[in-house]
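One structure below.
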Amino acid sequence: MRPARVGDRTEVDRLYDVCLRTGAAGQDATADLRDPRLLGEVYLGAYLALEPDLASVLDDAGDAVGYVVGTRDTLAFEERCEREWWPALRERYPLDDFPDASRDAELVRLIHAPRRTDPHLVADYPAHLHVDLLPGAQGGGNGRRLLATLFDALRSAGVPGVHLGVARANVGAVGFYRHLGLTELAVTEDGLTLGLRLS
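Just so it is clear: in the sequence shown, position 5 is 33 by the working numbering, and no numbers are missing.
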């Protein structure tokens, strides 16, 4: 495990590929998308650009096979994304670029109208994260080590709690997070929000 090399374009491209290959409830989303960068633009890129010190990579012989990214303050991060991340993507991806029912169009709609986090949730769990590992890197404690690195950094910054979203269909991930002590904070039709108190 090591810090992400966010200034290295090859590494960033590789991390986007990990995001894509785990982007269908933990499975490969490559066949679901016409634009293979869209998932990374929505769920990964802003963290690498705006909070690089919280980005860690699982490295296998020089190749990134997993990562964790996060933010200390979700609401402040969302505001910063609105100023610094989404505008360029909105120009690059107009709303009518893809067929309306496609996964690409769904992601483009998120670029133009990002989901905002419930302020009540972040009162106790202000941080949030995304973690992804390729299938060959799963198991053996790799996910636990990535999360422990992030949790330690958040604790050092005085952050009281962290949350994440996970698809209900990603049963393995839900079980993994619960095993680490994350508890259910909110439920939607498609997903769960889980949280962990850090203090």
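Here a beta-carbon is modelled for each residue, glycine too, at the ideal position from N, C-alpha and C.
Can you give me the start and stop residues for the alpha helix (DSSP H) that residue 212 sits inside? Reading the sequence shown from its first residue, position 184 is the one you call residue 212. Where residue 212 is concerned, there is no enclosing alpha helix (DSSP H), although the beta strand (DSSP E) it sits in stretches over 211-215.
So for residue 153, helix, strand or coil by DSSP? Within the sequence shown, the letter at position 125 stands for residue 153. In the structure shown, the three-state DSSP call for residue 153 is coil.
Report the CB separation of residue 102 from residue 142 in whole angstroms; it is logged as a contact under 8 Å. Here residue 102 is taken as the residue at index 74 of the sequence shown, counted from 1. Here residue 142 is taken as the residue at index 114 of the sequence shown, counted from 1. About 12 Å separates the two Cβ atoms, so there is no contact after all.
Quick check: what's the CA-CA separation for residue 169 versus residue 124? Within the sequence shown, residue 169 is the residue found at index 141, counting from 1. Within the sequence shown, residue 124 is the residue found at index 96, counting from 1. Rounded to whole angstroms, residue 169 and residue 124 show a C-alpha spacing of 43 Å.
Any chance you could list the alpha helix (DSSP H) runs of at least 4 consecutive residues sitting entirely within the region 129-192, in chain order? The region 129-192 contains these whole alpha helix (DSSP H) runs: 131-140, 147-152 and 170-184.
For a test of the three-state rule: what should DSSP assign to residue 52, helix, strand or coil? Numbered from 1 along the sequence shown, position 24 holds the residue referred to as residue 52. Assignment of residue 52 by DSSP, reduced to helix, strand and coil, places it in the strand class.
Rounded distance between the beta-carbons of residue 171 and residue 204, thought under 8 Å: Translated into positions along the sequence shown, residue 204 becomes position 176. Translated into positions along the sequence shown, residue 171 becomes position 143. Right, their Cβ atoms sit about 6 Å apart.
Would you mind working out which of 119, 74, 220 and 90 sits nearest residue 201, comparing C-alpha positions? Residue numbering aside, residue 201 sits at position 173 when the sequence shown is read from its first letter. If you compare the alpha carbons of 119, 74, 220 and 90 with that of residue 201, the shortest gap goes to 220.
Going by DSSP in three states, residue 65 sits in which element: helix, strand or coil? Translated into the one-based positions of the sequence shown, residue 65 becomes position 37. Here residue 65 sits in coil by DSSP.
Sorted by chain position, which residues of the same chain lie with C-beta nearer than 8 Å to residue 175's C-beta, five sequence neighbours on each side aside? Translated into positions along the sequence shown, residue 175 becomes position 147. Taken in chain order, the residues that qualify are 96, 157, 159 and 208.
Specify, as a first and last residue, the run of the beta strand (DSSP E) that residue 221 falls within. As a first step, residue 221 must be located in the sequence shown, where it is residue number 193. Per DSSP, the continuous beta strand (DSSP E) segment holding residue 221 begins and ends at 219-225.
Outcome for residue 199 when other beta-carbon atoms lying within 10 angstroms are tallied against a minimum of 16: Looking up residue 199 in the sequence shown gives position 171. That one is exposed.
Taking contact to mean 3 or more Cβ pairs, one atom from each stretch, closer than 8 Å, check whether the region 178-187 and the region 85-94 are in contact. Segments in contact, no.
With a floor of 4 residues, list each alpha helix (DSSP H) that falls wholly inside the region 90-126, ordered by position along the chain. Taken in chain order, the unbroken stretches of alpha helix (DSSP H) that lie wholly in the region 90-126 and span 4 residues or more are 102-112 and 114-120.
Would you call the CB atoms of residue 43 and residue 92 closer than 8 Å? Counted from its first residue, the sequence shown places residue 43 at position 15. Counted from its first residue, the sequence shown places residue 92 at position 64. Cβ atoms of residue 43 and residue 92: closer than 8 Å.
Reference residue 211, options 35, 197 and 152, closest by Cα: Numbered from its first residue, the sequence shown carries residue 211 at position 183. For the residues 35, 197 and 152, the minimum Cα distance to residue 211 belongs to 152.
Among 139, 161, 67 and 189, which residue has its Cα nearest to the Cα of residue 150? Working through the sequence shown from its first residue, we reach residue 150 at position 122. For residue 150, the closest alpha carbon among the candidates 139, 161, 67 and 189 is that of 189.
Which two residues bound the contiguous beta strand (DSSP E) that contains residue 85? Your numbering for residue 85 matches position 57 in the sequence shown. From DSSP, the beta strand (DSSP E) with residue 85 extends over 84-88.
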